[in-house]
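Peer 1: Adding 90 to a residue's 1-based position in the sequence shown gives its number in this note's numbering.
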Amino acid sequence: MSERAGNPPSHAFEPYSPRRRTALVLTGTGSAGAYHAGALRAMHEAGVKIDLVAGRGIGVIGALFLAVDGAARLWEDKGFWRTGTVRSLYGWRPAPRIAGLAIATAVLLVAVPVATVAIGLVVFPIDFVLRMVGIGAASGLVGAYVRAAQAAFAPEALPTWLPRLVLLVLGVAGVFLLAEGWSHDARLPRGSWWWRGLRAPLSSSQAASLTWHSLWDLLRGAAQLKQPAPEDLARRYVEVLSDNLGQPGFCELLIAVHDLDARRDLIFALLGETRRRELMRRSTTAADERRRAEVIDLVGIGRDHLVDAVAGALSIPIVTESRSIRFAAEAYWRGETHRLADRPGSLIRLLDELIDLGIQQIVLVAAAPEPTGPHTLAPPRVDGRGRLGEYLESSEAAVLHDATTTTPGVRIYTVRPVHNPIGPFDFAGAFDDRSHRRHSLAELMAQGYEDAYQQFIDPVVGASGERIQSAVRTERS
Numbered sequence: 091m092s093e094r095a096g097n098p099p100s101h102a103f104e105p106y107s108p109r110r111r112t113a114l115v116l117t118g119t120g121s122a123g124a125y126h127a128g129a130l131r132a133m134h135e136a137g138v139k140i141d142l143v144a145g146r147g148i149g150v151i152g153a154l155f156l157a158v159d160g161a162a163r164l165w166e167d168k169g170f171w172r173t174g175t176v177r178s179l180y181g182w183r184p185a186p187r188i189a190g191l192a193i194a195t196a197v198l199l200v201a202v203p204v205a206t207v208a209i210g211l212v213v214f215p216i217d218f219v220l221r222m223v224g225i226g227a228a229s230g231l232v233g234a235y236v237r238a239a240q241a242a243f244a245p246e247a248l249p250t251w252l253p254r255l256v257l258l259v260l261g262v263a264g265v266f267l268l269a270e271g272w273s274h275d276a277r278l279p280r281g282s283w284w285w286r287g288l289r290a291p292l293s294s295s296q297a298a299s300l301t302w303h304s305l306w307d308l309l310r311g312a313a314q315l316k317q318p319a320p321e322d323l324a325r326r327y328v329e330v331l332s333d334n335l336g337q338p339g340f341c342e343l344l345i346a347v348h349d350l351d352a353r354r355d356l357i358f359a360l361l362g363e364t365r366r367r368e369l370m371r372r373s374t375t376a377a378d379e380r381r382r383a384e385v386i387d388l389v390g391i392g393r394d395h396l397v398d399a400v401a402g403a404l405s406i407p408i409v410t411e412s413r414s415i416r417f418a419a420e421a422y423w424r425g426e427t428h429r430l431a432d433r434p435g436s437l438i439r440l441l442d443e444l445i446d447l448g449i450q451q452i453v454l455v456a457a458a459p460e461p462t463g464p465h466t467l468a469p470p471r472v473d474g475r476g477r478l479g480e481y482l483e484s485s486e487a488a489v490l491h492d493a494t495t496t497t498p499g500v501r502i503y504t505v506r507p508v509h510n511p512i513g514p515f516d517f518a519g520a521f522d523d524r525s526h527r528r529h530s531l532a533e534l535m536a537q538g539y540e541d542a543y544q545q546f547i548d549p550v551v552g553a554s555g556e557r558i559q560s561a562v563r564t565e566r567s
């Protein structure tokens, strides 16, 4: 597939040039999208030429907007990453919330008898002090407390209705969990029936919904039209991009998603006519069954799968629900229903595909910070989403190292932070133990902007412009 074997092509070690076919790759999870937005803003200002944009994970959002010349909607004042709605991305699903509320309510109910007894620890000392100062006869606290305690612990009071109420609360929560679990599956799962109530705790639906809402604001322009269903909007997006490829500001699109059932990485492609014919010609040969199974043409037979690709890329394995995709009957998978989710390692497959498409240089933008050295350890996160974010960020950093060191045949320019205190799920910001202050998504976006200039635009694009001007002056002289 890629040029891993043998010697790399002649352009692999040549300096950056805007004349070469260039791809921008956005990779990451959750809050990394804000870092992407900052980097995209810098490249937009610098006029960096992009022929193809590819996304993995949250990177699909930036890729979708950039492909249709709408990247400014990511960083502007009312843009995607500046709205308050992003704070609710990847929030807890209703079922875990209800279960947690039910457990908390049950604990509080069980604590009622204990609290009743604990009140005596306050009543008796107060009554003693009042008696010491000579007003004990007027207090009557002990007598009132004893009468209340006797009424509470009477056979027809707490011992009767308290366990029934606890059982009712937990029972209602259990029924809700099972009902929600049994009504969701597109296919009959394996395992004990009660496991179906224990589903993924987080939801990625809000991220997908906000993506399509923002894209609709871009595509409809000033027209006051009702937003269509995501499937219809995805078809309209494909039509707009395919009709305008080759026009200034529009570029080709690739999305990488992992197929949990086929155990493969799928590539959803929306390419120009020449590249598309080449891609499909390779994909339909009998000798390359792998490509037929993994490459989906969004303009052809897979034209209805863009909404599945986006939802799948935004789904995080185990902690969010996977996206079910039903393939067409005439497709390679013959009408099967598969589950899609993100996978950090699919970045390498994405780079392989770019090489096959003739990409000569790649700009890779990632929010995972560079590996640290000794004596730079930070306190581990103790919250659930923080722990998950640490693992994802560590995995993505390792994949970035593999992708940039084991993928010959193409020149890769990387934009990534040296230090990023905001984890993948810290949409409300996070405390930085190095600077001892709280960082926000706006600061992460600004960091992406600065890193793009410092790591790519000034040293690479700027140097390329100086070389071109020097060559022109030499020719004139």
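Even for Gly, the Cβ is constructed at its ideal location relative to N, Cα and C.
Using CA atoms only, rank isn't needed, just tell me which of ALA132, GLY137, ALA493 and ILE345 is closest to SER107.
Peer 2: GLY137
Peer 1: Quick one, are the C-beta atoms of VAL500 and GLN545 less than 8 Å apart?
Peer 2: no
Peer 1: Look at ILE391 and PHE358 and say whether their C-beta atoms are less than 8 Å apart.
Peer 2: no
Peer 1: Measuring straight from C-alpha to C-alpha, what distance separates PHE170 and ALA312?
Peer 2: 18 Å
Peer 1: For ASP349 and ASP355, I'd like the C-alpha separation in whole angstroms.
Peer 2: Each residue's alpha carbon lies about 6 Å from the other.
Peer 1: Assign TYR327 to one of two classes, buried (16 or more other C-beta atoms within 10 Å of its C-beta) or exposed (fewer than that).
Peer 2: buried
Peer 1: Checking 8 Å against the spacing of the C-beta atoms, do ALA400 and THR301 come in under that value?
Peer 2: The sequence given here has Val at residue 400, not Ala. Going by C-beta atoms, VAL400 is nearer than 8 Å to THR301.
Peer 1: With 16 other CB atoms within 10 Å as the buried threshold, where does ALA192 fall?
Peer 2: Buried is the call here.
Peer 1: Short of 8 Å in beta carbon distance, which residues of its chain neighbour ARG163, apart from the five on each side in sequence? Order them along the chain.
Peer 2: PHE155, GLY169, PHE170, SER304, ASP307 and LEU308
Peer 1: Return the chain-ordered ranges of every beta strand (DSSP E) run that is complete within the region 174-205 and spans a minimum of 3 residues.
Peer 2: none
Peer 1: Please name the residue in TRP423, VAL409, GLU363 and VAL397 whose C-alpha comes closest to that of GLU384.
Peer 2: TRP423
Peer 1: Figure out for me which residue from VAL213, PHE243, LEU248 and ALA244 has the closest Cα to the Cα of TYR235.
Peer 2: VAL213
Peer 1: In chain order, what residues of the same chain have a beta carbon less than 6 Å from the beta carbon of VAL176, not counting five sequence neighbours either side?
Peer 2: Here the set comprises PHE517.
Peer 1: Taking DSSP as the reference, what is the three-state secondary structure of ASP473?
Peer 2: coil
Peer 1: Three-state secondary structure (DSSP) at VAL453?
Peer 2: strand
Peer 1: Tell me the DSSP secondary structure of ILE386 in three-state form.
Peer 2: strand
Peer 1: Return the residue from the list ARG325, GLY463 and ARG353 that minimises the CA-CA distance to VAL397.
Peer 2: ARG325
Peer 1: Classify ASP522 as helix, strand or coil using the three-state DSSP reduction.
Peer 2: ASP522 falls in the strand class under three-state DSSP.
Peer 1: Tell me whether THR301 sits in a helix, a strand or coil according to DSSP, three-state version.
Peer 2: helix
Peer 1: Which term fits LEU534, buried or exposed, when burial requires 16 or more other beta carbons within 10 angstroms of its beta carbon?
Peer 2: buried
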